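Enquirer: So for the sequence shown, the numbering used here puts the first residue at 8; every next one is plus one.
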Amino acid sequence: MPVMLEAVLLIASRNPSWTYGDGPTTLVIMAKTKLHTDDATIRAAVAAERRELADLLVRLPEERWDEPTLCTGWRVREVAAHMSFGFRYPMRKVVGELVRARGSMDRMTDRVARREAAEMSRQEMASALRENADHPWTPPVGGFAAALGHDVVHGLDITIPLGLDRQVPEDRLRIVLGTASPMGARFFGAKLGGVRLRADDLEWSYGTGSEVTGRPQDLVAVLFGRKVPAGRLRGAEAGRFTSA
Numbered sequence: 008m009p010v011m012l013e014a015v016l017l018i019a020s021r022n023p024s025w026t027y028g029d030g031p032t033t034l035v036i037m038a039k040t041k042l043h044t045d046d047a048t049i050r051a052a053v054a055a056e057r058r059e060l061a062d063l064l065v066r067l068p069e070e071r072w073d074e075p076t077l078c079t080g081w082r083v084r085e086v087a088a089h090m091s092f093g094f095r096y097p098m099r100k101v102v103g104e105l106v107r108a109r110g111s112m113d114r115m116t117d118r119v120a121r122r123e124a125a126e127m128s129r130q131e132m133a134s135a136l137r138e139n140a141d142h143p144w145t146p147p148v149g150g151f152a153a154a155l156g157h158d159v160v161h162g163l164d165i166t167i168p169l170g171l172d173r174q175v176p177e178d179r180l181r182i183v184l185g186t187a188s189p190m191g192a193r194f195f196g197a198k199l200g201g202v203r204l205r206a207d208d209l210e211w212s213y214g215t216g217s218e219v220t221g222r223p224q225d226l227v228a229v230l231f232g233r234k235v236p237a238g239r240l241r242g243a244e245a246g247r248f249t250s251a
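#1: Taking the continuous alpha helix (DSSP H) assigned at residue 104, which residues delimit it?
#2: What's the C-alpha gap between residue 195 and residue 230?
#3: Taking Cβ positions only, does residue 229 come closer than 8 angstroms to chain C?
#4: Restricting to Cα atoms, I'd like to know which of 48, 244 and 171 is closest to residue 68.
#5: Taking the alpha carbon of residue 133 as the point to measure from, which residue in 158, 151 and 119 has its own alpha carbon closest?
#6: Can you grab the Cα-Cα spacing for the pair residue 106 / residue 208, in whole Å?
#7: If you reduce the DSSP assignment to three classes, tell me which class residue 215 lands in.
#8: Run through the stretch 190-242 for me and flag every whole alpha helix (DSSP H) of 4 or more residues, listed as ranges in chain order.
#9: So what's residue 179 in DSSP terms, helix, strand or just coil?
#10: Taking all protein chains shown into account, do 16 or more other C-beta atoms lie within 10 angstroms of the C-beta of residue 131, making it buried, or fewer, making it exposed?
#11: Is the beta carbon of residue 217 less than 8 angstroms from the beta carbon of residue 243?
#12: Measuring CB atoms only, is the stretch 174-190 touching the stretch 76-83, in the sense that at least three cross pairs come out at less than 8 angstroms?
#13: Our contact map puts residue 186 next to residue 153 with C-beta atoms below 8 angstroms; I'd like the distance itself, whole angstroms only.
#14: What is the C-beta distance between residue 169 and residue 74, in whole angstroms, given that I count them as a contact (C-beta under 8 angstroms)?
#15: Could you tell me which residues DSSP pairs with residue 249 in its beta bridges?
#16: Go ahead and pull the three-state DSSP assignment for residue 173.
#17: Compute the Euclidean distance between the alpha carbons of residue 210 and residue 201, then round it to the nearest angstrom.
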């Protein structure tokens, strides 16, 4: 059994608090967060975010689908294909893809996104989001708040580099920012040592050290290991989290 898959199954067997997939192949994992928002509220936010992103994709001109995103190596179409991966793949199919990727989650997601970006039409990608707005999918760790984070950050992966003027609603940003944790930072490759992130427009901060400030949604991108365009953050260490 590949090391990654073995580790996932081991964790699932010891912490039955999170559900992924349907039927007998369901995996159950949970990450602890400081959130106090109820699941119904978060699921409503998830559904709204998916519908809004579907609308954005429908309106996006065809030529912009080949532009790069904040996800290194992915164009808009790879990100759009990836966003509905969890809805369309039952757990047994995920396991099969993971085995073919020799246990590497990164290799699996990249391979599937590139394949489906070539196979799916733009309309199919947008429809997959809209038609699954209320789908109960969650990532392997973090529950519904993590599902919201997944949708929000992938939306930012598209809107920030394309210069699209979309503001993620504050209630959704508060939920996603509230999931910040050392484990999450490590998982997404966000090197936050020695800095304190502080949001401009709401009361939120994370970490200790030299202060880096910016719009809440730009800080969400930073928490997920992305680099935002220069000029969007302020502080002596802002350059660590921006691109030229």
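Using N, Cα and C, we set each Cβ at its ideal position, and we do this for glycine too. No experiment lies behind these values; they were computed from the predicted model shown.
Expert: Inspection of the coordinates gives the following:
#1: 98-107
#2: 8 angstroms
#3: As a matter of chain content, chain C is missing from the structure shown, which is built from one protein chain.
#4: 171
#5: 158
#6: 44 angstroms
#7: coil
#8: 223-230
#9: helix
#10: exposed
#11: yes
#12: no
#13: 7 angstroms
#14: 6 angstroms
#15: 235
#16: coil
#17: 20 angstroms
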